[in-house]
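Numbering (full-length UniProt numbering), first residue to last: 1 to 280.
Glycine included, each C-beta is placed from N, C-alpha and C at the ideal position.
For reference, the structure discussed in these notes is given below.
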């Protein structure tokens, strides 16, 4: 095809499966039921993930209502495991009694592998910090009682989040820092506590040098990969809704930072996720 003068041919984006990664990867954090779960689109999305090398996938339910509505649909797919928690931005409209309800659900459902995402978010101003902290502490106590790990959301609240986690007495190996977006100083804090750290798509963005420096010092045996789909799409698909198949591009960037082959990084982060969530 000939292009008019001054119009460059658009470079084709590589398909996720073109990286040829083995099907051993673990998507640690996706919201497949965000707003509305589409049962007709789900098989295609999961097949694209499998083709790209995603063997297991964690779906995060934001509250008991979302879980009860959508877990029966996702339960048809054995590769999907579940996380459940009250998000800090939802705490203002939630009932603290939901925490007890969640405890009952965890006791009866082995696919519920972690409490999350829970934490503090001071970027948005809708929910008072004290309300967020109350829900955070209650859910940490529940997780500790159940012996379940936690996936922690922290935005513009790192110091406060660490303070609450330190107070909770929950073991470092039971904490996953979801959607890490900090710099080297925060990375050191998480390393010292023995937390697992989940790397999202923005590590691929050219402006995020501070994040890449942080990834360079994070311990490889505590790293996992996430999409946070449908948000935070990595390059080269930035601008589209995110999906688990695109994790391969995040892994490619992390592998480059760590001086590894992408397939090796993919395998090792998958092993880390299996260990953290207690997956087969």
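### Query
Who pairs with residue 169 in a beta bridge, going by DSSP?
Residue numbering aside, residue 169 sits at position 169 when the chain shown is read from its first letter. DSSP, once it has assigned bridges, lists no residue as partnering residue 169.
### Task
Let me know if residue 148 comes out buried or exposed under the rule of 16 or more other beta-carbons within 10 Å of its beta-carbon.
Counted from its first residue, the chain shown places residue 148 at position 148. Flag for residue 148 reads buried.
### Task
Return the CA-CA distance between residue 101 and residue 64, expressed in angstroms with no decimal places.
Working through the chain shown from its first residue, we reach residue 101 at position 101. Working through the chain shown from its first residue, we reach residue 64 at position 64. Computed Cα separation, rounded: 7 Å.
### Message
Within a Cβ cutoff of 6 Å, which residues of the same chain sit near residue 131, ignoring the five residues on either side of it in sequence?
### Response
Here residue 131 corresponds to residue number 131 of the chain shown, with the count starting at 1. Same-chain partners within the cutoff: 91 and 92.
### Message
Judging by CA-CA distance, which residue of 128, 75, 83 and 196 is the nearest neighbour of residue 225?
### Response
For the purposes of this step, residue 225 is taken as residue 225 along the chain shown, with counting starting at 1. When only C-alpha atoms are compared, the closest one is 196.
### Separation of residue 42 from residue 241, as counted between CA atoms
For the purposes of this step, residue 241 is taken as the residue at position 241 of the chain shown. For the purposes of this step, residue 42 is taken as the residue at position 42 of the chain shown. About 14 Å.
#### Entry: Where residue 164 falls: helix, strand or coil (DSSP)
On the chain shown, residue 164 is found 164 positions in, with the first residue counted as 1. Reduced to three states, the DSSP call for residue 164 is helix.
### Message
Among 139, 146 and 239, whose alpha-carbon lies nearest the alpha-carbon of residue 108?
### Response
Counting from 1 along the chain shown, the entry for residue 108 is found at position 108. Nearest of 139, 146 and 239 to residue 108, Cα basis: 146.
### Message
Taking the straight line between their C-alpha atoms, what separation do you get for residue 178 and residue 96?
### Response
Within the chain shown, the letter at position 178 stands for residue 178. Within the chain shown, the letter at position 96 stands for residue 96. Between residue 178 and residue 96, the C-alpha separation is close to 23 Å.
### Task
Return the chain-ordered list of same chain residues with a C-beta closer than 6 Å to the C-beta of residue 270, the five sequence neighbours on each side being excluded.
Taking the chain shown and counting its residues from 1, the one referred to as residue 270 is at position 270. Hits under 6 Å: 24, 25 and 26.
### Message
Quick check: what's the CA-CA separation for residue 186 versus residue 252?
### Response
The residue you call residue 186 lines up with position 186 of the chain shown. The residue you call residue 252 lines up with position 252 of the chain shown. Each residue's alpha carbon lies about 23 Å from the other.
#### Entry: residue 15 versus 48, 162 and 260, residue with shortest Cα-Cα distance
Locating residue 15 in the chain shown gives position 15, counting from the first residue. Per the Cα distances, 48.
### Span separating the alpha-carbon of residue 81 from that of residue 88
Locating residue 81 in the chain shown gives position 81, where the first residue counts as 1. Locating residue 88 in the chain shown gives position 88, where the first residue counts as 1. The alpha-carbon atoms of residue 81 and residue 88 are separated by roughly 22 Å.
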